[in-house]
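Those protein sequence lines, which keep their order, are chains P and W.
Just so you know, we're using our numbering here: the first sequence kicks off at 3 and counts up by one.
Just so you know, we're using our numbering here: the second sequence kicks off at 772 and counts up by one.
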Amino acid sequence: MVDDAGPADAALFRALADATRRTILDELTERDGQTLFEICGRLSVRHGLTSSRQAISQHLAVLEEAGLVHSRREGRHKLHHLDTGPLRAVVERWPIDPTE
Amino acid sequence: MIRINVTSVLVDDQAKALAFYTEKLGFQKKTDVPAGEARWLTVVSPADPDGVELLLEPDGHPAAGAFKEALAADGIPWTQFAVDDVPAEVERLKALGVHFTQDATDLGPVVTAVLDDTCGNLIQLAAMT
Chain P
3 MVDDAGPADA ALFRALADAT RRTILDELTE RDGQTLFEIC GRLSVRHGLT SSRQAISQHL
63 AVLEEAGLVH SRREGRHKLH HLDTGPLRAV VERWPIDPTE
Chain W
772 MIRINVTSVL VDDQAKALAF YTEKLGFQKK TDVPAGEARW LTVVSPADPD GVELLLEPDG
832 HPAAGAFKEA LAADGIPWTQ FAVDDVPAEV ERLKALGVHF TQDATDLGPV VTAVLDDTCG
892 NLIQLAAMT
């Protein structure tokens, strides 16, 4: 059977498949708009995730490709923002009965 | 026994830096002597006037700009100051118009926040819990 999901879905599921990336989303849920430094600090101190700054930066790039994170410059700083919009595609494809 | 007597921040304008570090952060001026085109300009904490001096060092070296810009983009504070109560200090400084790139964050053994010193640096405030 062929999964005819588009490339956007493929990027979304790939992004969500990694535990570190899910943790990044958790931390951005707690506080939106973080620098790379803050994300690295939270992952290392709160979750014992000792990935390099470069590795975290690559995780953020994957999340951005899936549309789950948007980064924008604010003055001289680059802040990362959460966007849960792409997750809508999941429940639209496999609807959840709200009465259950 | 070796010990730290001076540590530095690279500032884009010494007069502006002195105003920020004294009027906003609350340090006091310790040494201010002409040194060529610049000044040997240090501040200290009123809590420890004979302790470590912070040198407000001009960032004129051509490599300094790129270095500072890269740190700022990723939100990395190169320098840390201790305070008793991070959330209270964040509130006090915000009321003075200071911009934070990271609000007070409880990281377990330490509470931290990161502010913009307006002279090209990010500074971390920390309190051990």
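Note that the Cβ used here is the ideal one computed from N, Cα and C, for glycine as well.
Buried/exposed call for residue i, threshold 16 Cβ in 10 Å
i, result
"residue 779(W)", "exposed"
"residue 44(P)", "buried"
"residue 781(W)", "buried"
"residue 83(P)", "exposed"
"residue 76(P)", "exposed"
"residue 867(W)", "exposed"
"residue 96(P)", "exposed"
"residue 791(W)", "buried"
"residue 773(W)", "exposed"
"residue 848(W)", "buried"
"residue 823(W)", "exposed"
"residue 819(W)", "exposed"
"residue 901(W)", "Residue 901(W) is absent from the structure shown; chain W starts at 772 and stops at 900."
Spatial distance of residue i from residue j (CA atoms)
i, j, result
"residue 789(W)", "residue 892(W)", "14 Å"
"residue 888(W)", "residue 894(W)", "7 Å"
"residue 855(W)", "residue 777(W)", "22 Å"
"residue 898(W)", "residue 872(W)", "17 Å"
"residue 91(P)", "residue 11(P)", "8 Å"
"residue 825(W)", "residue 87(P)", "47 Å"
"residue 3(P)", "residue 19(P)", "Annotation note: pLDDT 47 at residue 3(P) (below 50); position unreliable, coordinate value reported separately. C-alpha separation (whole angstroms): 21 Å."
"residue 801(W)", "residue 785(W)", "14 Å"
"residue 56(P)", "residue 835(W)", "22 Å"
"residue 805(W)", "residue 41(P)", "42 Å"
"residue 817(W)", "residue 799(W)", "6 Å"
"residue 62(P)", "residue 35(P)", "13 Å"
"residue 1(P)", "residue 810(W)", "The structure shown does not extend to residue 1(P), since chain P spans only 3 to 102, so no value can be given for it."
"residue 51(P)", "residue 828(W)", "35 Å"
"residue 79(P)", "residue 37(P)", "7 Å"
"residue 14(P)", "residue 8(P)", "10 Å"
"residue 24(P)", "residue 896(W)", "28 Å"
"residue 33(P)", "residue 840(W)", "24 Å"
Assumed close pair residue i, residue j - CB separation to whole angstroms, cut-off 8 Å
i, j, result
"residue 796(W)", "residue 803(W)", "That belief does not hold up - the Cβ atoms of residue 796(W) and residue 803(W) are roughly 17 Å apart, past 8 Å."
"residue 869(W)", "residue 876(W)", "Incorrect: roughly 16 Å between the Cβ atoms, too far for contact."
"residue 66(P)", "residue 59(P)", "Their Cβ separation, rounded to whole angstroms, is 10 Å, which puts residue 66(P) and residue 59(P) out of contact at 8 Å."
"residue 17(P)", "residue 68(P)", "4 Å"
Item checked: Inside the segment 800-870 of chain W only - alpha helix (DSSP H) runs reaching at least 4 residues -> 833-845, 857-866
Checklist line | Completely contained alpha helix (DSSP H) runs for the segment 11-76 of chain P, where each covers 4 or more residues | finding: 21-32, 38-49, 55-67
Margin query: Beta carbons nearer than 9 Å to chain W: which residues of the segment 63-84 of chain P have them?
Written below: 75, 76, 77, 78, 79, 80, 81
Item checked: Interfacial residues, the segment 838-853 of chain W to chain P, with Cβ spacing under 8 Å -> 840, 843, 844, 845, 846, 847, 848
Note to self: For the segment 10-40 of chain P, list every residue whose C-beta sits within 8 Å of some C-beta in chain W, in sequence order.
What the structure shows: 33, 36, 37, 38, 39, 40
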